[in-house]
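Residue numbers (full-length UniProt numbering), protein chains in the order written: chain H, 1 to 618; chain P, 1 to 718. Think of the CB as a built atom: it goes at the ideal place given N, C-alpha and C, for glycine as much as any other residue. In what follows, a single structure is set out as structure tokens and then discussed.
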């Protein structure tokens with residue numbers, strides 16, 4: 001009976017095969033052609049919403065298995081890994097969804113922006129080239145992604161840093177009327193000569209302009225002669241004159257002198273491509289009204305151009321200006337991409353990155369981190385898995401209401417992940433008993449443990465786990481990075497278990513408890529659960545008195561390095577295909593890192609046998 | 001999920017065809033033969049016969065980009081080996097999206113060539129998991145934008161492109177797919193998992209093994225009884241019926257095991273091996289899934305036979321899988337094995353792509369590359385060489401640009417513009433009839449420029465016409481005659497422009513390089529000889545310094561005639577060409593001393609302007625090579641140098657020994673090191689100043705305009 005009712009209830013709406021019938025949400029697709037209209041719409045949706053969810057589609061994430069952020073990464077190395085990915089790959093879709101939670105109802109306005117970097121100024125900006133991982137592209141193709149639409153019609157952008165650089169190169173005239181400062185140094189003779197000469201030229205030119213307009217000379221020959229003699233030109237429909245300058249000092253002098261003409265003259269700075277000043281152009285206006293009209297025109301033109309240069313970044317600026325909390329599923333990845341594409345190149349240091357990000361997006365929520373507040377969920381990594389996990393365990397009805405209505409046409413499916421994030425976030429808030437209203441009122445303090453989560457959690461993905469997990473996983477242990485040793489140069493296709501049994505009994509250090517797991521096919525991590533043994537082992541490896549089976553392994557090529565070597569490999573950008581070759585190179589380079597930074601904080605990671613399973617299916 | 005695809009490939013081809021049909025030309029329009037995954041098998045069969053019959057095959061391709069950084073573009077100051085490194089970098093980093101193949105056959109009855117333009121969409125997928133590294137390629141944004149402008153169908157490429165394996169990858173795949181598992185099947189006792197008996201620790205395991213032993217024994221006994229009494233309905237307990245199904249495997253009764261965990265399967269495997277001599281455990285890899293079976297065998301010999309059968313079966317399957325994965329490389333193998341004359345237009349980059357994608361990773365030197373290419377493709381003709389080398393063709397071309405599209409419209413106006421034969425025209429054009437599937441046309445024009453297939457067709461037409469101008473009369477041409485042996489073509493055969501900018505030509509047969517024949521191309525200015533020993537590389541200087549200012553700065557210290565010219569690599573780096581080789585080391589030593597002493601005098605030194613910021617690096621030309629050879633590509637040269645790992649700020653090379661070593665290393669340079677050459681360079685002094693001040697990289701406008709064409713051609717493969 002129950003089944004019957006269910007079927008009737010759903011039967012009219014959905015196809016019987018669809019498992020995700022509830023998630024057939026329609027997302028507004030935005031390309032170059034409808035960008036400016038959608039931007040207005042987005043603006044109003046944003047201001048009416050409490051939160052903003054984001055989800056990104058990139059052309060790749062990691063080139064080699066070990067380049068992926070793993071649980072043995074410290075925040076520094078995790079950041080270096082995502083930094084490399086963000087710089088290397090391109091962002092093609094940016095799904096963003098302002099939403100509001102009221103009770104069990106979520107009102108969401110999902111947008112999916114198609115992006116493509118266009119080098120419109122021929123300056124290598126926003127990007128000269130980018131990498132693509134074929135597996136990513138084929139996966140996108142399987143979902144019906146339209147690459148033509150993306151490349152033909154994707155919206156371009158410039159980051160904040162790039163916009164500044166572009167402005168210098170564009171060499172647009174800049175209105176100088178409002179930026180006059182008194183000169184600091186007393187005028188020299190040369191200065192006076194320069195000022196007098198320019199002054200007389202301007203007077204002359206101005207007089208002739210006003211005269212000629214009053215007399216209305218229509219003779220083309222006379223006009224062109226006048227132009228030749230006086231050096232007058234046209235700026236739009238208005239007459240103008242160019243004053244050549246050789247230095248910034250002369251610009252200053254010219255402006256000071258021009259102040260007495262500011263009633264009807266507008267001075268423009270003509271910059272060189274390198275950022276200096278080439279000339280000052282003076283435009284004559286017919287009246288006060290005409291002057292303000294010209295100034296407005298100039299301002300509008302500049303704004304228009306800025307808008308064009310910013311492109312999609314306008315959306316990011318709106319979100320940043322709104323100061324609304326941003327929700328994402330994979331914050332470290334997503335925000336490193338956002339920072340590198342829309343703000344500025346990623347800094348080398350993770351803390352610098354976090355500070356910079358903090359100033360742009362003060363409240364960030366990571367749903368996967370929030371999931372950890374629920375319990376030990378080592379296998380719930382994807383959003384659909386998280387949703388179904390919550391569905392099976394908790395009663396937390398969430399009703400979605402989308403601004404763009406139900407799914408009408410299949411082209412609107414792209415970027416639906418962002419709606420799932422909204423849904424998951426709302427469910428989590430309900431399960432974790434967080435009332436969304438309180439987030440606003442107390443400025444995010446309720447969610448303090450969750451907000452800006454990657455500050456604490458990057459890498460330490462198993463943080464909130466505690467004992468009493470399933471039989472096959474031991475409880476994760478806090479492991480000091482000092483107790484980790486990287487091993488490579490062992491035989492090919494050796495499993496972690498075999499390596500462990502080879503090591504067991506090869507030396508005294510292995511008499512205490514230790515563990516081994518493979519990072520990739522070339523390299524393994526060795527963890528000592530007793531302090532100082534790692535150093536002892538490294539010392540043995542470096543000494544000449546190796547004996548027994550260990551010496552046999554070493555003669556086969558076994559090598560070992562500490563965690564600092566791994567860090568160095570990451571920070572030197574030695575992203576070889578095999579971690580072994582990266583470590584080889586890193587140990588060959590002198591240890592500059594630790595010398596410059598002697599008191600590196602002892603980092604800790606969480607060791608858990610589960611890791612072995614994760615890494616094997618890399 | 002994947003039932004409908006929303007990509008407008010057909011719509012594009014159609015719209016292209018339509019727009020062409022309604023525009024100026026009356027020529028019949030039908031699209032090229034587009035080949036994707038779905039029609040590759042049949043197209044390959046056809047292509048085989050076309051290539052076999054062809055007199056020559058024209059090729060062309062579209063890539064995702066050309067240069068991975070601005071400073072990797074072709075420069076005048078690139079030495080021969082550097083030029084190869086730049087080509088190598090490009091071919092290694094970018095992907096081929098489209099491959100045009102157009103076989104041309106002379107039909108003596110029709111007195112015309114028959115062309116079959118094919119346009120292959122190519123996209124490398126990881127169809128066989130070779131290793132865990134991902135396939136990755138670079139896209140240059142300007143190139144992608146350019147392709148988009150010409151309505152390139154990226155969807156067709158990524159959704160439906162044909163994948164491929166290089167020869168190396170194929171061998172690797174063979175090793176992986178065929179041998180290891182085959183061993184496992186033939187010698188099950190050598191398998192590690194087999195030999196180590198699973199310790200039955202858990203009670204559940206012990207119980208499971210006992211049950212399986214019983215179950216398999218029952219099945220076997222049942223089987224033997226049935227054999228006597230004829231086939232009967234089996235009586236199997238209901239709960240196990242799902243997991244054990246009696247099937248026939250290779251004409252033998254077998255139990256198909258379904259729904260067991262891998263741990264349980266290994267226990268069953270152990271039980272089979274330990275307790276049943278006449279049962280064999282077989283893991284059978286089907287199309288998509290693998291099946292686990294326990295097979296009954298009559299005797300030991302029957303068992304061996306079964307293993308052999310399974311093994312061959314497995315190998316055949318793997319072979320098929322690999323064969324399918326080789327995909328587009330079959331076309332390359334076809335071109336190579338048929339030994340046909342390959343025709344391309346400015347095709348060094350194309351050939352390098354073919355080498356790195358389908359043959360083997362590119363070798364580190366041009367000489368090795370060339371000998372390898374010559375082995376696979378013994379005859380290649382570059383139409384750009386042909387057009388520039390021959391005087392009659394030069395005249396024909398009216399000395400206009402030798403880009404593919406302009407050559408095509410000048411040499412083959414009938415095809416390009418659909419003109420009907422001019423009665424007054426005293427030089428008849430070579431006729432080309434195009435066949436695409438069932439459609440044929442003698443004045444075909446698809447209008448789809450920058451489709452690789454169409455570009456290949458244009459290249460072939462230009463070649464045919466050029467041959468006719470060279471005095472090769474196709475009407476007297478007999479089918480048995482081989483174009484590769486034609487003496488009129490011999491002097492152009494297997495020559496490629498290593499760099500068009502410098503007119504540097506490489507001979508594929510010998511690896512010898514030569515400058516373009518002087519006077520052959522009247523438009524081009526003769527190249528100045530460059531003494532690479534005299535060149536200093538500077539980078540990381542204050543960004544406000546322009547190349548001309550750097551020149552002035554150095555002239556103030558080393559004398560007004562010390563610097564011949566400066567040449568900007570990008571905004572962060574310049575070459576300084578000195579008049580004498582010693583000046584390079586002089587400068588390096590001076591820089592070193594200035595940077596070490598920190599007194600007031602060094603701050604007043606004219607060079608201090610250059611060293612400001614403390615990040616100015618200087619090195620000899622060899623460092624440039626080192627930087628170019630690196631697989632890294634940063635956008636700015638200074639960043640690149642840092643990424644390559646250059647720690648020092650000044651490279652010191654004071655020893656004479658090294659210099660003499662240098663000489664032997666590059667004998668050609670020293671050959672140029674004649675007084676005349678130096679004289680020549682000096683006389684160009686004033687001109688260089690002009691060049692520097694205008695901040696132009698190249699000597700004169702004509703070359704400049706050439707370069708533009710060249711650059712477009714290179715980014716677009718025009």
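Flag this pair as yes or no: are the beta carbons of residue 595/P and residue 649/P separated by less than 8 Å?
-> yes
Quick one: what's got a C-beta closer than 8 Å to residue 81/P's C-beta in the same chain, skipping five residues either side?
-> 365, 366, 625
Could you check where the alpha helix (DSSP H) with residue 523/H kicks off and where it finishes?
-> Taken as a continuous stretch (DSSP letters only), residue 523/H belongs to no alpha helix (DSSP H), being part of the beta strand (DSSP E) at 523 to 528.
For residue 328/H and residue 445/H, the rounded distance between their alpha carbons = Model confidence at residue 445/H stands at a pLDDT of 35, short of 50, so the residue's coordinates are unreliable and nothing is read from them.
Which two residues bound the contiguous beta strand (DSSP E) that contains residue 115/P?
-> 112 to 115
Proximity test, Cβ basis, 8 Å: residue 594/H and chain P | Note that residue 594/H scores 45 on pLDDT, short of 50, meaning its location in the model is unreliable; the coordinates nonetheless yield the value given after this. Not an interface residue.
Note down, in chain order, each residue of its chain lying with its Cβ closer than 6 Å to the Cβ of residue 353/P, except the 5 sequence neighbours on either side.
-> 91, 96
Paired residues, beta bridge with residue 571/P - DSSP = DSSP output for residue 571/P lists no bridge partner at all.
Can you have a look at residue 225/P and say buried or exposed, based on whether 16 or more other CB atoms are within 10 angstroms of its CB?
-> exposed
Where residue 246/H falls: helix, strand or coil (DSSP) | coil
Comparing alpha-carbon positions, which option in 98/H, 65/H, 61/H lies nearest residue 83/H?
-> 61/H
What does residue 376/P touch in chain H if you count any residue whose Cβ is under 7 Å from its own?
-> Ordered by position in chain H, no residue passes the 7 Å Cβ test against residue 376/P, which lies about 25 Å from the chain.
Residues that residue 310/H contacts on chain P, provided the C-beta gap is smaller than 8 Å | Those within 8 Å of residue 310/H in chain P number zero; the least Cβ separation is about 17 Å.
Note down, one range per segment and in chain order, each alpha helix (DSSP H) of at least 4 residues found wholly within the region 57 to 110 of chain H.
-> 75 to 88
For my contact list, residue 308/H and residue 51/H are in at a C-beta cut-off of 8 Å; report their separation, rounded to the angstrom.
-> Not a contact, Cβ separation roughly 30 Å.
Distance, Cα to Cα, residue 647/P vs residue 616/P?
-> 12 Å
Please say whether residue 145/P and residue 148/H have beta carbons closer to each other than 8 Å?
-> no
C-alpha gap between residue 495/P and residue 505/P, whole angstroms | 6 Å
Residue 565/H and residue 587/H closer than 8 Å at C-beta | yes
Simplified DSSP state of residue 202/H, which is helix, strand or coil = helix
For residue 609/P, which residues of its own chain have a beta-carbon under 6 Å away from its beta-carbon, when the five flanking residues on both sides are left out?
-> 553
8 Å Cβ cut-off: residues of chain H touching residue 450/P = Within 8 Å Cβ-Cβ: nothing; residue 450/P doesn't reach chain H, min ~14 Å.
Spell out whether any CB of chain P is found under 8 Å from the CB atom of residue 415/H.
-> no
Residue 505/P - partner residues in DSSP beta bridges | 497/P, 514/P
Where do the ends of the alpha helix (DSSP H) carrying residue 456/P lie?
-> 452 to 469
Give the C-beta separation of residue 387/P and residue 464/P to the nearest angstrom, bearing in mind that I take them to be a contact with Cβ-Cβ under 8 Å.
-> Actually they are not in contact, since the Cβ atoms of residue 387/P and residue 464/P sit about 13 Å apart, beyond 8 Å.
Is DSSP giving residue 392/H helix, strand or coil here?
-> helix
Exposed or buried, which one is residue 361/P when buried takes at least 16 other CB atoms within 10 Å?
-> exposed
In chain order, what residues of the same chain have a beta carbon less than 7 Å from the beta carbon of residue 174/P, not counting five sequence neighbours either side?
-> 322
How about residue 133/H: is its C-beta nearer than 8 Å to some C-beta of chain P?
-> yes
Given a limit of 7 Å on CB to CB distance, which residues of the region 145 to 160 of chain H reach chain P?
-> 146, 147, 148, 151, 152
Rounded to whole angstroms, what's the CA-CA distance from residue 508/H to residue 488/H? Just pull it up for me.
-> 20 Å
Helix, strand or coil: which one does DSSP assign to residue 280/P?
-> strand
As assigned by DSSP and simplified to three states, the class of residue 489/H | coil
Roughly how many angstroms lie between the CA atoms of residue 383/P and residue 508/P, to the nearest whole one?
-> 15 Å
Cutoff 8 Å: residue 63/H Cβ touching any chain P Cβ = yes
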